[in-house]
Amino acid sequence: MAKNAQDDRVFIQNAVKTLATNIRFASVDNPVRSIVVTSSIPNEGKTTIATNLAQALVSGGKTVLIVECDMRRRSLASALGTHARNGIYAVLSGQVELDDAVVRTSTRNVWFLDSEPHIPNPVDILGSKRFHSFIERLKDEYDYVVLDTPPLSALIDAAVLGSIADGTLLVVRRNFVRREEVLSSYEQLKKAEANVLGTVLNYCEDKKSEYYYEYYSRDGKKLSKSGADADAPQLNTAPAQPTPRARKAPAAPKGQPATALASRA
271 MAKNAQDDRV
281 FIQNAVKTLA
291 TNIRFASVDN
301 PVRSIVVTSS
311 IPNEGKTTIA
321 TNLAQALVSG
331 GKTVLIVECD
341 MRRRSLASAL
351 GTHARNGIYA
361 VLSGQVELDD
371 AVVRTSTRNV
381 WFLDSEPHIP
391 NPVDILGSKR
401 FHSFIERLKD
411 EYDYVVLDTP
421 PLSALIDAAV
431 LGSIADGTLL
441 VVRRNFVRRE
451 EVLSSYEQLK
461 KAEANVLGTV
471 LNYCEDKKSE
481 YYYEYYSRDG
491 KKLSKSGADA
501 DAPQLNTAPA
511 QPTPRARKAP
521 AAPKGQPATA
531 LASRA
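Counting from 271, one number per residue, gives the positions in the sequence shown under our numbering.
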C-alpha cells in the first residue's frame, strides 16, 4: 500500500511538472504568468489542480501566488492548510496592504491570497478596471499568479477572469462531466476572448497503474499514449491573445503541448 501510494505521488508529480513546463513554454513572445484554473461543473478537481500547479511552478526559484477567486464557495484555504486574516476585498478597498493579506504556505515560494466570505457582487469586482490593474500589480510582485475560479456552468466569473489573465486551463473530469458541458464551457471562454491553453484531464485510471496522464497539443491532437481515453474531449484552442508584462520568462520553442493531468482529487 505504501509503495502504491508513493508510486501514485510520483505519477502525479511528474504530470504536474510537465504541465508547468508546458505553461512556461506556451508562448515566447507573451509569457503566460497569470493563469485561470476552472472547470465546467463542480467536483472536477480544479482546486487540486490549481494547488499542485502552484507548487510545481516554483522550480528554479520562481515565486507563485495562488489566489482564491471562487468568492462564493471558498476552498483553497482548507486545501492549502493555510488561513489568512484578510483577503482580496480588504486589499482592493484599501483597508490593508497587499503584504498584510498575503500569507505563506507550506511550500517554499508559494504564497496565498484568500477571499473574504460574502463579498458583494463578485463578478462586478472581478470585471472592474481596478481588479485588472490589481492582477498586473500581482505579476509585478510574483513570477506566477494562479487564480482558482468557480465552475463555468453556474457563474461567469471564470470567463471574466479569463479575459484578463494570460492563460486559462479547463479541468475535465473523466466519466463525470458531459461532453456538451465541456464544449459549452470552452465556447464561453472563447466568447470572452480568453486564451485557452488546453484541457487537464482528471481522475484517470488504467490497468497498469492507478494514474496516468495524457498530452494534447494546442490543436487537440494527442501526442503520446499511456492508457489513453480515446473519447476524451479534444478542444481546438486559439493562439495567445493578451500581451502581459514579461519578467523572468525562460526562452523556449513555440508549440509546446498542453497536458492533461491524472489526479485522485
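C-beta: ideal position from N, C-alpha, C; glycine also.
Note that this is a predicted model, so its numbers are computed, not measured.
| Query | Result |
| --- | --- |
| What do you reckon, are the CB atoms on V452 and V470 nearer than 8 Å? | no |
| Could you work out which residue in V415, L422 and V430 is closest to D394 when comparing CA atoms only? | V430 |
| Beta-carbon within less than 7 Å of D427's beta-carbon, same chain only, minus the 5 sequence neighbours each way: which residues are those? | C339, P392, V393, L396, T419 and P420 |
| For V536 and L327, what's the separation of their Cα atoms in angstroms? | With the chain running from 271 to 535 in the structure shown, residue 536 is simply not present. |
| What are the residues that DSSP puts in a beta bridge with N472? | R443 |
| If you pair each beta-carbon of the region 368 to 382 with each one of the region 291 to 311, do three or more pairs fall below 8 Å? | no |
| Going by beta-carbon coordinates alone, are L323 and V307 separated by less than 8 Å? | yes |
| Find out if the Cβ-Cβ distance for the pair L350, T321 is shorter than 8 Å. | yes |
| Given a threshold of 16 other Cβ atoms within 10 Å of its Cβ, counted over all protein chains shown, does K399 qualify as buried or as exposed? | exposed |
| For P509, collect the residues of the same chain with a Cβ closer than 7 Å to its Cβ; drop the 5 residues on either side in sequence, then sort them by chain order. | In this predicted model, P509 has a pLDDT of only 33, less than 50, meaning its place in the structure is not dependable; the value taken from the coordinates is given anyway. Answer for P509: no residue qualifies. |
| Is the separation between the beta-carbon of L383 and that of V366 shorter than 8 Å? | no |
| Pick out whichever of R355, D413 and L368 has its Cα sitting closest to the Cα of A290. | D413 |
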